[in-house]
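For the record, the sequence lines run as chains F, A and C.
When we follow numbering that gives the first Met the number 0, the leftmost residue of the first sequence carries the number 0, and every step to the right adds one.
When we follow numbering that gives the first Met the number 0, the leftmost residue of the second sequence carries the number 0, and every step to the right adds one.
When we follow numbering that gives the first Met the number 0, the leftmost residue of the third sequence carries the number 0, and every step to the right adds one.
Report on the structure given below.
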Amino acid sequence: MSASTHDAPMGAPHGEDIGKRDFLKLIAGAGAAVGLGALAWPLIDSMNPSSDVLALSSVELDIAPIPEGSGITIVWRGKPIFVRHRTAAEIKSARDVKLTELTEPAADKDRVKAGHEAWLVVIGICTHLGCVPLGNKPTDSRGDFGGWLCPCHGSQYDTSGRVRRGPAPINLPLPPYAFTSDTKIKIG
Amino acid sequence: MPGLHKSEFTNPVVNWIDTRLPVFTMLTKEYAVFPTPRNFNYFWNFGALAMINLMIMIATGIFLAMNYTPNTLMAFDSVERIMRDVNYGWLLRYVHANGASMFFVVVYIHMFRSLYYGSYKAPRELLWMLGVVILLLMMATAFMGYVLPWGQMSYWGATVITNLFSAIPLVGDSIVTFLWGGFSVDNATLNRFFSLHYLLPFVITGVVFLHIVALHITGSNNPLGIDPKGPQDTLPFHPYYTIKDSVGIGVYLIVFAVLVFFAPNFLGHVDNYVPANPLVTPADVVPEWYFLPFYAILRSVPSKLGGVTLMFGAIAVLFVLPWLDTSPIRSARFRPIYRQLIFVLVAAIIVLGMVGGHPPQGIWVVLGRIATAYYFLHFLVILPLLGKLERPLPLPESISSPVIRKGGGPLPYGAAAAPMEKN
Amino acid sequence: MRLASLAVLGALALCTAAPAFAEDEIKLPEQIWSFDGAFGTYNRASAQRGFQVYKEVCSACHSIKEGYYRNLTGIGLSEEQIKAIAASVTIPTLNDDGQPAERPGLPSDHFRSPFPNERAARAANNGALPPDQSVIEKAREGGADYIHALLTGYAEPPADMKMAAGMNYNKYFPGHQIAMAQPIHDGQVTYSDGTTATVEQMALDVTTFLSFIANPEMEQRKQMGVKIVIFLALLTGVTYVVKRRVWSDVH
């Protein structure tokens with residue numbers, strides 16, 4: 000709405016003035032819009048993960064103390080991570096399976112890092128309904144396939160973390176990780 | 000059909016909505032074509048500024064609350080985490096903390112405008128009283144918000160202010176225990192203060208809405224204090240006052256930004272960066288600057304109940320101000336004596352503010368008592384008498400013909416069409 | 000208007016004269032800091048030396064509970080340096096059997112506190128609590144100037160002053176009796192950059208570091224502030240011109 004449409008008592012300004020005014024109005028309006036957007040961003044960004052959360056988003060782990068045949072659970076981004084030091088027999092059993100027999104076909108060599116085949120690192124959350132499978136403690140049952148057994152609905156995973164029996168639809172997912180040395184991994 | 004609104008909007012979507020819920024018609028009526036006196040000066044910006052300030056406080060507050068922990072063991076650390084780790088958390092907190100100060104600056108100027116130009120007088124008494132309710136709610140909100148960081152000033156401020164209620168005879172101590180939810184300011188107190196600090200701004204928003212409804216029924220006052228007599232005295236709110244308010248908002252934001260980015264702790268107190276310690280009272284417990292005048296009134300009376308009564312009385316007189324001021328003339332421009340005394344009142348309040356910031360010793364006690372005396376004298380004695388005794392200057396005929404003839408009487412209408420007042 | 004202006008002027012004069020009334024206030028020697036002003040930044044070298052002073056001297060008694068090792072990127076240390084600094088301390092933790100144990104520190108750890116809790120801190124310091132240094136620059140009247148003055152303000156007490164047992168005289172401490180003995184002495188640390196470690200130099204450096212740890216956001220804040228104020232000033236200017244034009248047909 001421009002001023003000239005109102006019954007302004009002193010008569011309308013002439014044409015050139017209106018053009019200039021509208022241009023300036025445009026600048027002021029655009030400036031205000033940019034300013035409002037810039038104001039909104041800090042509010043929105045404050046809901047993104049904060050520095051203290053990000054600082055814990057990657058964890059380093061010394062895997063040297065884990066004896067062959069056993070595994071440990073560590074917490075990464077609030078989730079349990081299973082780190083399993085596999086025996087030669089366990090690796091062999093994982094590699095001997097025909098891929099066609101699997102619920103979600105995946106080769107064992109694609110689920111471990113080359114050169115570090117003894118180490119399996121998976122996110123320890125059952126892909127069925129989110130329970131944490133058993134199998135890391137020496138006293139736990141590992142199910143029929145030597146990997147993990149979910150206590151909730153009986154899904155069973157093998158020594159490569161692949162689902163072999165039960166209602167779970169897919170294999171245990173792999174977290175992003177890398178070996179920083181032969182005995183250290185960095186998750187995240 | 001019965002009840003449907005006859006919308007004049009041509010856009011079909013707008014028309015469809017407006018027919019069923021005439022918000023667009025209402026907005027146009029109240030904010031676009033709303034007839035507004037043509038002679039506002041920049042003092043009339045401060046209502047809009049207070050509105051903006053309230054929105055800024057609510058927006059930053061909501062996001063701060065997402066990261067704050069109302070627990071005595073964690074509150075201080077959670078505020079530091081906001082300052083250090085949350086993205087732009089320092090910005091949110093500094094805007095919120097300084098925003099409280101800006102809010103009081105804006106509202107105090109808004110109130111001065113009302114006092115100077117007599118905006119509280121008939122028919123705007125309710126409008127003014129709703130404003131005083133908003134002030135009271137703001138004070139409660141600001142006080143409880145200041146407790147949340149759980150620093151030394153938070154803790155001891157909360158202790159001192161809640162103890163005011165112990166001055167009430169017989170039930171005082173029970174009331175204080177009730178307010179605390181325990182036998183000292185503690186976790187229960189912090190929790191309820193957080194809850195109420197979150198709630199009250201929305202109550203304020205509701206009262207602000209009523210304040211605006213009342214304003215749009217009586218219409219705005221203006222620097223001359225006389226009612227508009229026709230369309231020649233008013234302008235549509237948009238674009239004249241939307242653009243004028245925008246200029247004011249720009250200046251206000253610059254002041255706000257300088258405070259937040261370059262002197263964020265200037266108005267705060269160093270002791271609030273020391274975690275609360277119930278065993279050690281800081282050397283001088285002082286409230287935030289906006290409470291200092293009231294704090295000075297509290298301390299100027301050497302009796303507990305007397306001080307508390309006087310302090311609450313200082314606000315209570317504002318409620319009845321429309322009936323204390325007996326002068327029918329609104330604007331101080333036409334009240335030669337009132338025009339001077341209003342500045343004496345301002346000076347007295349400034350002195351009270353300074354007195355409140357110093358330990359009650361020596362000269363400060365005397366100054367505090369003189370200023371307190373004037374404050375009440377001004378409202379309770381001077382205003383009722385002045386209305387009867389003062390000889391006001393002649394009022395102009397209308398807003399659009401504000402020029403007064405030399406002889407004292409107003410110009411006949413029409414003769415004033417040529418020389419317009421520049422503002 | 001005469002009475003009015005007199006009243007307001009009088010009140011304002013009182014305002015400015017107020018400090019003169021004040022009780023024997025101690026005047027702090029003012030320093031020029033790299034972080035002063037609208038464009039101030041932390042002098043990285045000084046802040047790093049200051050961290051060295053904190054680590055080797057102050058941290059024996061004073062905690063910085065709110066700070067993390069990772070915050071040290073703000074004074075120009077690299078990720079590798081910070082990892083090494085963090086790894087050089089041991090952090091109390093629990094082992095798998097729930098028993099207290101220790102592990103090397105990580106950048107994501109808070110600065111290690113010298114005492115496990117307040118009582119232990121008091122017990123080790125004759126009942127006085129060494130204050131946490133996280134926000135000390137904001138928690139003391141005078142800020143950086145005060146910290147510097149305090150660290151360099153130790154002297155022999157005046158002859159007529161009676162010192163309490165175990166207290167030390169300091170020119171700038173309120174009341175002049177402070178429980179902390181003079182904390183830094185010439186040559187107490189060996190700076191890796193070759194700077195001579197005088198008391199004055201160390202006080203300046205550690206004050207810079209403590210100002211940083213109290214206001215880690217300061218550089219970002221001021222840089223943003225300059226841009227925002229310029230933007231707002233331009234926008235307000237344009238708005239004012241538009242306002243003049245809109246109103247030109249009314250006046």
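Beta carbons are placed, not taken as given, at the ideal position from N, Cα and C, and that holds for glycine.
Every value quoted in this text rests on a predicted model; they were computed, and no experiment measured them.
*Is there a Cβ from chain A that is less than 9 Å from the Cβ of L42(F)?*
yes
*Kindly indicate the opening and closing residues of the beta strand (DSSP E) around H357(A).*
Taken as a continuous stretch (DSSP letters only), H357(A) belongs to no beta strand (DSSP E), as it is neither H nor E.
*What first and last residue would you give for the alpha helix (DSSP H) that runs through H84(F)?*
Taken as a continuous stretch (DSSP letters only), H84(F) belongs to no alpha helix (DSSP H), being part of the beta strand (DSSP E) at K78 to H84.
*asked:* Helix, strand or coil, according to DSSP, for G407(A) in the structure here?
replied: Since pLDDT at G407(A) reaches only 44, below the 50 mark, its modelled position is unreliable, and the value read off the structure follows with that caveat. In this structure, G407(A) counts as coil in the three-state DSSP scheme.
*Going by DSSP, what residues sit across from I186(F) in a beta bridge?*
V58(F) and Y176(F)
*Of all the options W127(A), V85(A) and N52(A), which has the alpha carbon lying nearest to the alpha carbon of V94(A)?*
N52(A)
*Proximity test, Cβ basis, 9 Å: V246(A) and chain C*: yes
*Ignore the nearest five residues each way along the sequence and tell me which others in V170(A)'s own chain have a CB closer than 7 Å to its CB.*
none
_F45(A) versus F39(A): straight-line alpha-carbon distance, rounded_ = 12 Å
*Which chain A residues sit within Cβ distance under 9 Å of N135(F)?*
Simply none; closest approach about 32 Å.
*Please state if the CB of V350(A) and the CB of L366(A) are separated by a distance shorter than 9 Å.*
yes
*Following the continuous beta strand (DSSP E) through D157(F), name the residue where it begins and the one where it ends.*
Q155 to D157
*Under 8 Å by Cβ, that's how I've got G142(F) and G160(F) pegged, so tell me the actual separation to the nearest angstrom.*
With 8 Å as the limit, G142(F) and G160(F) do not qualify as a contact, their Cβ atoms being about 12 Å apart.
*asked:* By the three-class DSSP mapping on this structure, what secondary structure does F20(C) have?
replied: Low confidence applies to F20(C): its pLDDT is 48, below 50, so where it sits in the model is not reliable enough to give any reading.
*Got a sec: which bits of the region 47 to 74 of chain C sit with their beta carbon under 8 Å from any beta carbon on chain F, in order along the chain?*
Y67 and R69
*Excluding sequence positions up to five away, which residues of its chain have a Cβ less than 8 Å from the Cβ of V132(A)?*
V206
*asked:* Below 8 Å on C-beta distance, what does R111(C) contact in chain A?
replied: Correct list: empty, because the minimum Cβ distance to chain A is about 16 Å.
_Quick check: the region 127 to 144 of chain A against the region 262 to 274 of chain A, are at least 3 beta-carbon pairs closer than 8 Å?_
no
_Own chain residues within Cβ distance below 7 Å of P166(F), not counting five before or after_ = H127, H152 and S154
*Under the rule that 16 or more other beta-carbon atoms within 10 Å means buried, what is K24(F), buried or exposed?*
buried
*For A166(A), which of V345(A), L309(A), Q151(A) and A331(A) has the nearest alpha-carbon?*
L309(A)
_For M50(A) and P286(A), what's the separation of their Cα atoms in angstroms?_
25 Å
*Checking contacts by CB at 9 Å: is F20(C) closer than that to chain A?*
In this prediction, F20(C) scores a pLDDT of 48, lower than 50, which makes its location untrustworthy; the coordinate-derived value is nonetheless stated afterwards. Judged by the 9 Å Cβ criterion, F20(C) is in contact with chain A.
*DSSP on T188(A), reduced to helix/strand/coil?*
helix
*Listed from N- to C-terminal order along the chain, which residues in the region 76 to 100 of chain A have their beta-carbon within a distance smaller than 8 Å of any beta-carbon of chain F?*
R80, R83, D84, V85, N86, Y87, G88, L90 and L91
*Count the other CB atoms within 10 Å of the CB of R19(A); is the residue buried (16 or more) or exposed (fewer)?*
exposed
*What are the residues that DSSP puts in a beta bridge with A100(C)?*
T92(C)
*Would you be able to state if there are at least three C-beta pairs under 8 Å between the region 187 to 197 of chain C and the region 59 to 69 of chain C?*
no
*Spatial neighbours of S330(A) within its chain, please: CB distance less than 7 Å, with the 5 preceding and 5 following residues excluded, ordered by chain position.*
Y116, G117, P222, L223 and G224
*State the Cα-Cα distance for the pair S58(C) and L148(F), rounded to the nearest angstrom.*
49 Å
*Looking only at DSSP bridge pairs, what is W118(F) linked to?*
H84(F)
_Which listed residue (T189(C), Y145(C) and F208(C)) has its alpha carbon closest to that of K170(C)_ = Y145(C)
*By how many angstroms is the C-alpha of F211(C) removed from the C-alpha of A370(A)?*
43 Å
*Return the chain-ordered list of same chain residues with a C-beta closer than 8 Å to the C-beta of F20(C), the five sequence neighbours on each side being excluded.*
Note that F20(C) scores a pLDDT of 48, beneath 50, so its modelled location is shaky and nothing firm can be said.
*Start-to-end residues for the alpha helix (DSSP H) that takes in P383(A)*: L382 to L388
_Residue-chain proximity (T59(A), chain F), Cβ-Cβ < 9 Å_ = yes
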